[in-house]
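Participant:
In this note's numbering, the protein residues as written are 4 to 191.
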């Protein structure tokens with residue numbers, strides 16, 4: 004885990020958002036990343052900006068600014084963090100080996116795992132709020148992640164309205180169930 008955090012710090016540290024001409028120095032990037040991860044790891048009333056500010060010893064405004072800075076830097080490095088492995092790469096081979104030796108026979112031949120969940124909103128979104136009303140009578144955002152099972156590396160993700168199948172039928176992705184267009188299953 005430490006190597007992952009150190010690698011993330013190295014990748015974002017050269018971003019221009021962390022370089023400025025002010026007489027007031029910025030907090031170290033590792034502290035800014037820690038604040039961002041702390042804020043991102045909670046939602047709703049589980050944590051407040053004041054809690055993070057007190058934890059780090061800075062103002063609430065600094066927490067907001069640092070969180071925004073880290074988000075900008077991470078988003079610009081998105082493709083360095085989230086990508087499909089090359090077919091003949093070591094990661095693809097290790098994931099294939101894991102699927103062949105550690106999973107059900109029906110899963111053999113593949114090496115990616117997809118799972119989904121919803122991210123609950125604190126309140127109804129102001130714009131198009133009804134489209135985010137889910138089957139559990141909550142407002143939420145649908146999220147699916149594609150991972151490699153041997154190292155849990157995220158290689159793709161999808162965000163959308165709850166209830167939508169985020170992934171279509173693709174050569175690399177076979178959803179476990181797709182509702183037929185007429186709403187009924189047929190015999191083959």
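Where a beta carbon is used, it is the ideal one built from N, C-alpha and C, also for glycine.
This structure is a prediction, so every number in the text was calculated from the model and none was measured.
#1: What did DSSP end up calling residue 155 once you bin it into helix, strand or coil?
#2: Is the Cβ-Cβ distance between residue 153 and residue 90 less than 9 Å?
#3: Between 137, 17, 44, 73, which has its C-alpha nearest residue 35's C-alpha?
#4: Tell me residue 148's beta-bridge partners as DSSP assigns them.
#5: Is residue 137 helix, strand or coil when you go by DSSP?
#6: I'd like the ranges of any alpha helix (DSSP H) spanning at least 4 consecutive residues and lying wholly in the region 7-90.
#7: Could you check where the alpha helix (DSSP H) with residue 129 kicks off and where it finishes?
#8: Can you give me the start and stop residues for the alpha helix (DSSP H) that residue 226 sits inside?
#9: With a 10 Å radius around its C-beta and 16 neighbouring C-beta atoms as the bar for buried, classify residue 86 as buried or exposed.
#10: So, does the region 67-84 touch the region 16-32, judging by three or more C-beta pairs under 8 Å?
#11: For residue 122, tell me which candidate among 112, 113, 133, 147 has the shortest Cα-Cα distance.
#12: Kindly give me the distance between the Cβ atoms of residue 38 and residue 59, rounded to whole angstroms, as I take these residues to be in contact under 8 Å.
#13: Kindly list the residues whose CB is nearer than 8 Å to the CB of residue 53, restricted to its own chain and excluding five residues on each side of it in sequence; keep chain order.
#14: Just confirm the distance between the C-beta atoms of residue 142 and residue 124, as a whole number of angstroms; I'd bet it's less than 8 Å.
Facilitator: The answer reads as follows:
#1: Taking the first residue of the chain shown as position 1, residue 155 is located at position 152. The answer is coil: DSSP assigns residue 155 none of H, G, I, E or B.
#2: Locating residue 153 in the chain shown gives position 150, where the first residue counts as 1. Locating residue 90 in the chain shown gives position 87, where the first residue counts as 1. Contact: no.
#3: Taking the chain shown and counting its residues from 1, the one referred to as residue 35 is at position 32. Of the residues 137, 17, 44, 73, the one whose Cα lies closest to the Cα of residue 35 is 73.
#4: Mapped onto the chain shown, residue 148 falls at position 145. According to DSSP, residue 148 bridges with 118, 160.
#5: If you number the chain shown from 1, residue 137 lands on position 134. Coil at residue 137, not helix or strand.
#6: Listed in chain order, the complete alpha helix (DSSP H) runs (minimum 4 residues) inside the region 7-90 are 32-43, 52-59, 63-79, 81-84.
#7: Translated into positions along the chain shown, residue 129 becomes position 126. Note, residue 129: premise wrong, no alpha helix (DSSP H); not H, not E.
#8: Here the chain covers residues 4 to 191 and nothing more, so residue 226 does not appear.
#9: Along the chain shown, one-based indexing puts residue 86 at 83. Residue 86 comes out exposed.
#10: The region 67-84 makes contact with the region 16-32; the number of CB pairs closer than 8 Å reaches 3 or more.
#11: Taking the chain shown and counting its residues from 1, the one referred to as residue 122 is at position 119. For the residues 112, 113, 133, 147, the minimum Cα distance to residue 122 belongs to 147.
#12: For this step, residue 38 is matched to residue 35 along the chain shown. For this step, residue 59 is matched to residue 56 along the chain shown. About 6 Å; that satisfies the 8 Å criterion.
#13: Here residue 53 is taken as the residue at index 50 of the chain shown, counted from 1. Beyond the five residues adjoining it in sequence on each side, residue 53 comes within less than 8 Å, by CB distance, of 63 in the same chain, given in chain order.
#14: Position 139 of the chain shown holds residue 142. Position 121 of the chain shown holds residue 124. 4 Å between Cβ atoms; contact.
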